[in-house]
Amino acid sequence: MSGGGRHRRRIRIAIPTAAAALAAAVAAAVLMSPADAATPLPQPTVKPATTSPTLSELEKRVAGAVAGDDTAGKTSQSSYSSSTTSSSGTSTGTVDAKVIGGTDTSITTAPWMAQLWYYDDRGTTDESDDLGFFCGGAVVAPTKILTAAHCVKGYNWKAHGAIVTNTAQLPTTDDAGNTDLHGGTVSGVWRQWNHSSYNATTIDNDIAVLTLPNPVTAKPIRITTSGDTASYAAGTQAKVYGWGRTSSTSQDISETLKSATLPIQSDTTCTGAFGSHFVKGHMVCAGEPATGSDEGTVSACNGDSGGPLVVNNRIVGVVSWGVEDCVAEGAYSVFSKVSTYVGATYPRIDDTNLNGDHRADLWLRQDSNNEGFEKDSKGTSFGARISWGSFSGYNLVLQTDLNRDGYQDLVVRRSSDGAVFWLHYIPSTGKWGTNRIFDNWKTRTRTVAPGDVTGDYLPDLLSVDSGGYLWIYPGKGNGTFSTRVKVGSGWNQYNSLRGHGDFTGDGKADLIARSKSNSYVYLYKGTGKAGTGAFSSRIKVRTWSGYNAFDATGDVTGDGKADFLARTPGGTLYLYPGTGKATSEIFATRINVGTGFQRYDIFG
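FYI, the numbering for the sequence shown is -37 to -1, 1 to 567, going by mature numbering (1 follows the signal peptide of the UniProt record, and there is no 0).
This is the structure we're talking about:
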């Protein structure tokens, strides 16, 4: 195949696949009863602030990256010059961020694979200063790509990145500069996140998430859970996927997607091969010991960086690094250990908020005129109010993202008859759609939108009926729900039930409840299961007698941990930053985030 551009397609370090394109939901028509007509549905007056580059611009980025031969994550020479020793005692050469051996794999077998193309045209006539490279990745939600931090840190993916999905072939360009995506779709990047403790020298904490401006149609793959140990048992068969080098003697990467089966190795074996370069708990290595040549070696290699290591249809590792040329005798492929990073990563996979950054925002309604407002988080304070228009006639507003399109939705309940509606932004029209999702919820005492409770990566709703029974309404990811599941009784003992996200750092949605009788505050830790086992036994974490309103909107501070908000009768609002601990130390010292909040009667 012709690669076009300045160079033959050669990549030294990382190469994932990227994500594409626009999927827009169409709001279902709502038949209005006389009660509907008497109480107009809210018409939000705001639009999410995101833009996507044109198709021609994205194709230009892909073509530039195809022609490039730069290295993602390259830092100082010393970062890669530390020699290591294999289990046989021979030198394995310099440590290098980076899969050989393997078979062609169709996109139907790995529909979640993504190609990440980065091209920064420095604007000079000399093309040698342009930056172009490739990494691999995996679609883990309709707008989320999991990849390696060394593919992300230090680069402006919004300005220079393009993600291609739905194809097993790498793009090609002809002499006229036309780009053929071979049936794939291309998308820009809206936001980027890499682990805050990523170390470019040691390639530690090498995990990142890219957020796309619009959902892709590629079927997502789930990441493993924080409590997964079975997947990492020595001898477990795992599969790695990528477009990386297929030979130690050539820098050319593969034109087609390949996969290889690698056995998981024990931490002891990995440490024996790599010494202090291997960080137990943060990394996992896999494969049989390399033979010293292509023959007999099956390994990840340059161009596979950021791609997934999969066990039982879940990502357990992200291609991180290996030895130079990938086949040094006794060496293995090294991956970021995903189970360790669930607490930090999952909030970024499920982090929609009102203004589109990585911090959860506050939605509230003023009681004097029923006007709704957005107040964007600044980390430990909130910005000026932004009007959402009238929400008269409604007594419940919750932030969520029922269709996982990356835009924050609202679930609202009408006061007159208890009908519940889903308000969701439709990018293709620039308008808000409204779907009626439940009837006769007037007597429901508590309703919560905590995120994914059942462990299927799809947002759910919880509701307590007049008899005190808590029900889970499992979301289908499209604004509809499966048959409700009973959790248990006795939930009317609480005068507040809130939750949005993960308070304990295990990647599972939790609940915070306050008792009517004594103001004790309890944590109900999510298990990722449905029914009576959805939550662990409650843990008392506080006594809060001085507050009359609460809110949980997710990660307000932006540190990856769910936070909590509490208001005094005098109108002072306090932020309780989450610590990620499932104990009485679940929250850090409270922070005063403002006064005058007594004027609001709904916190969403």
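Backbone N, C-alpha and C fix where the C-beta goes; we use that ideal spot for every residue, glycine too.
- With a cutoff of 8 angstroms on beta-carbon distance, leucine 144 and threonine 130 are scored as near each other.
- Cβ contact annotation for tyrosine 195 (same chain, cutoff 8 angstroms, sequence separation greater than five): Ile227, Val247, Val279, Lys300, Ser302, in chain order.
- Assignment of histidine 245 by DSSP, reduced to helix, strand and coil, places it in the coil class.
- Separation of the CB atoms of aspartate 473 and tyrosine 487 is rounded to 6 angstroms, and the pair is thereby assigned contact status at 8 angstroms.
- Under the DSSP assignment, tyrosine 309 falls in the alpha helix (DSSP H) whose first and last residues are 305 to 312.
- Bounds of the alpha helix (DSSP H) holding phenylalanine 237 are 230 to 237.
- Contact annotation: the stretch 520 to 534 does not touch the stretch 438 to 450, with fewer than three C-beta pairs closer than 8 angstroms.
- In the three-state reduction of the DSSP assignment, lysine 202 falls in the strand class, which pools E and B.
- Under the 10 Å beta carbon count, proline 3 is surrounded by fewer than 16 other beta carbons and is classified as exposed.
- Here serine 268 is buried. Its C-beta has 16 or more other C-beta atoms within 10 Å.
- By the neighbour-count definition (other C-beta atoms within 10 Å, threshold 16), aspartate 423 is a buried residue.
- One Cα belongs to glutamine 200, the other to aspartate 93, and the distance between them is close to 40 angstroms.
- If you draw a straight line from the Cα of threonine 343 to the Cα of arginine 322, it is about 10 angstroms long.
- Annotation for tryptophan 120: no beta strand (DSSP E) segment contains it, though the alpha helix (DSSP H) segment containing it runs 120 to 123.
- Rounded to whole angstroms, the separation of the alpha carbons of lysine 405 and valine 383 is 9 angstroms.
- At a Cβ-Cβ threshold of 8 angstroms, serine 478 and serine 508 do not count as neighbours.
- Under the DSSP assignment, valine 25 falls in the alpha helix (DSSP H) whose first and last residues are 18 to 30.
- Taken atom to atom, the span from the alpha-carbon of threonine 68 to that of glutamate 218 is near 11 angstroms.
- Per the Cβ contact rule, the stretch 352 to 361 is in contact with the stretch 321 to 335 (3 or more Cβ pairs under 8 angstroms).
- Counting C-beta pairs with one atom in each stretch, the stretch 69 to 85 and the stretch 10 to 18 have fewer than three that are closer than 8 angstroms, which means they do not touch.
- Contact between alanine 223 and valine 203 holds, with the beta-carbon distance rounding to 6 angstroms and staying under 8 angstroms.
- Collapsing the DSSP output to three states places phenylalanine 354 in coil.
- Here valine 25 is actually not in contact with proline 105; their C-beta atoms are around 21 angstroms apart, not less than 8 angstroms.
- Of the residues Gly453, Ile549, Gly100, the one whose Cα lies closest to the Cα of leucine 220 is Gly100.
- If one requires a minimum length of 4 residues, the alpha helix (DSSP H) runs lying completely within the stretch 120 to 203 are 120 to 123, in chain order.
- Within the DSSP bridge table, the entry for isoleucine 389 names Lys394 as partners.
- With 16 or more other CB atoms across the displayed protein chains lying within 10 angstroms of its CB, glutamine 371 is buried.
- In the DSSP assignment, tyrosine 485 falls within the beta strand (DSSP E) that extends over 483 to 487.
- Excluding five sequence positions before and after threonine 443, the CB atoms of its chain that fall closer than 8 angstroms to its own CB belong to Ile400, given in chain order.
- Alanine 493 carries a coil assignment under DSSP once its states are collapsed to helix, strand and coil.
- By the CB criterion at 8 angstroms, leucine 386 and proline 5 fall inside the cutoff.
- Here the alpha carbons of threonine 142 and lysine 23 stand approximately 8 angstroms from one another.
- Straight across, the Cα-Cα distance linking glycine 95 with asparagine 119 is about 12 angstroms.
- Boundaries of the beta strand (DSSP E) harbouring alanine 515: 512 to 517, taken from the DSSP string.
- By the neighbour-count criterion, in which a residue is buried when 16 or more other Cβ atoms sit within 10 angstroms of its Cβ, glutamate 337 is buried.
- The three-state reading of DSSP puts glutamine 6 in coil, since its state is none of H, G, I, E or B.
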